[in-house]
Amino acid sequence: MFELLEKLQTLDKTSLALVAVAAERLVSGKDGTDCLNEAKDLAPISGSNAKPQAVRMLRVSEDVKHLSPEQVDELTAAFRRWRDKAGRANVRTSRERVYGLYLLLRNTGAKLGEVLSLDDRTDIDLGGGIVRLAGGPSGLDSELRESREVALGAEVLRELAAVVRHPLLAGLQGRLFRLDQGFVRRKFSERAQEIGLPRDLANPMVLRHTRAVELLREGAPLHVVQRILGHATPMATASYVNYEADDLRRLISFYMNKEPRMQTSARNKFIGKVASVKKGTILSEVVVTTTGGFSIVSVITNESLDKLAVAEGRMVAASVKAPLVILVKDPDSPRTSSRNRLQGEIKRINQGTISAEIVLELHDGTEVCALITDESVKALDLTVGEKVWALFKAFSVILGTEDSES
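Taking numbering that gives the first Met the number 0, the leading residue of the sequence shown gets 0, the next gets one more, and so forth.
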């Protein structure tokens with residue numbers, strides 16, 4: 000157990016969340032030491048011909064209550080019908096407000112308290128297509144982030160604009176969604192009853208879970224879902240996902256055993272899963288999706304591809320040496336021939352007489368190190384706290400697997 004804890008200290012935040020949740024679920028039904036030993040035993044023995052199996056598609060945790068796509072469509076249609084049946088102006092006003100609130104809950108993954116506190120004049124940007132959510136500092140929920148912006152689709156924006164700009168609601172600007180929580184929950188329960196939806200699925204929190212599940216199933220990286228939901232840490236977001244027992248053991252096994260098998264002088268290492276392999280006559284292009292959701296492109300020889308047994312779904316380490324990382328100051332993604340472009344914030348500048356080490360932090364907490372000349376630091380006027388781009392070519396990326404060194 001202590002060996003695993005030592006290994007976990009080296010992981011980035013997203014990887015740590017996945018492994019922690021995996022370990023918790025793996026040991027829930029049996030002795031933790033036995034499970035960890037089984038996981039360790041699954042690692043390929045150095046020099047053997049054993050090849051690790053790819054981790055299969057994640058499943059949603061059984062304890063996460065969420066709606067199926069069909070149930071979501073039925074619930075949305077029920078709210079729409081209920082709104083359209085309103086006769087008197089005061090009834091229409093009330094139902095328009097509830098329908099607008101439902102649209103926000105359904106499409107932002109926000110908590111009910113967050114939506115109820117929205118100022119429709121400043122927090123909903125119909126032109127920019129975003130909703131600004133307050134998060135934790137407003138006192139709504141200590142587990143949420145400070146604040147965040149969530150983008151909305153064109154069709155949702157069209158419907159939401161019709162609510163916000165409805166002539167009957169003109170006198171409610173700034174407090175359009177300031178409704179009583181109990182009233183809102185009753186309306187959810189009534190609509191659910193109309194379509195035969197189980198009572199335990201008829202609440203705003205289930206809509207939040209449903210949005211998270213949708214994003215994960217669509218392939219959204221864990222850190223992106225974390226940002227949309229406003230979770231303060233990846234741990235809460237990782238609780239939505241589940242793996243088969245064998246896959247959990249392999250995931251833990253990979254992180255427990257990767258260090259002694261992937262030694263390299265490269266300062267920058269990205270752990271991830273192979274998303275695609277494009278094989279040419281001599282060279283192959285490999286795209287790796289990291290645990291933080293970044294795509295790293297590597298070009299290696301076909302001989303290396305076969306030797307490393309690189310294939311879609313396999314866990315690998317993509318490494319690049321610090322002197323091969325180029326820094327660019329540009330507010331937008333720079334136009335360059337470099338396939339790999341990562342934006343980060345400068346955390347440290349270790350300056351020498353000839354060269355300087357620049358350490359960036361990406362938005363998932365991963366650090367990227369660049370080694371550049373002292374003159375380049377002065378020319379770019381680099382300072383701690385500013386955003387810069389780290390660029391490196393696909394040919395500079397070295398791939399490593401559990402049982403091979405690149």
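Glycine included, every Cβ here is placed at the ideal spot set by N, Cα and C.
Apart from sequence neighbours up to five positions away, the residues of its chain that approach T372 with a beta-carbon distance below 8 Å are I353, S354, A355, ordered along the chain. By the neighbour-count criterion, in which a residue is buried when 16 or more other Cβ atoms sit within 10 angstroms of its Cβ, P166 is exposed. By a beta-carbon distance limit of 8 Å, F182 does not contact N202. Their separation comes to about 13 Å. Around R94, the same chain offers W81, R82, A85 as residues with beta carbons nearer than 7 Å, after the five sequence neighbours per side are excluded.
Just so you know, the alpha carbons of I348 and V212 end up roughly 40 Å apart. In this structure T290 is in contact with I270, their Cβ atoms being roughly 6 Å apart against a cut-off of 8 Å.
In this structure, L66 sits near T209, with a CB-CB distance shorter than 8 Å. L304 and V387 do not touch by the CB rule: their CB atoms are close to 32 Å apart, not below 8 Å.
DSSP assignment within the region 269-323 yields the following whole alpha helix (DSSP H) runs of 4 residues or more, N-terminal first: 301-307.
Apart from the 5 residues on each side of it in sequence, H230 sits with its Cβ closer than 6 Å to the Cβ of T236 in its chain, given in chain order. Per DSSP, the continuous beta strand (DSSP E) segment holding E366 begins and ends at 366-372. Nearest neighbour of G399 by Cα position, chosen from E360, K306, N339, turns out to be K306. Annotation: the continuous beta strand (DSSP E) that includes R340 extends over 339-350. Within the DSSP bridge table, the entry for G399 names A316 as partners. Cβ contact annotation for A389 (same chain, cutoff 7 Å, sequence separation greater than five): V324, L326, L341, G343, L359, V367, A369, in chain order.
Distance from the CA atom of K278 to the CA atom of D329, rounded to whole angstroms, is 33 Å. For R185, the uninterrupted alpha helix (DSSP H) run begins and ends at 180-193, by DSSP. For I129, the enclosing beta strand (DSSP E) covers residues 129-132. In the structure shown, A211 adopts helical secondary structure according to DSSP, grouped into three states.
Here T121 has no same chain residue with a Cβ atom under 6 Å from its own Cβ, once five neighbours each way along the sequence are excluded. Residue environment for T382: exposed (fewer than 16 other C-beta atoms within 10 angstroms of its C-beta).
Assignment of I353 by DSSP, reduced to helix, strand and coil, places it in the coil class. Closest in C-alpha terms to S395, from the list V163, R313, E284, K64, comes E284.
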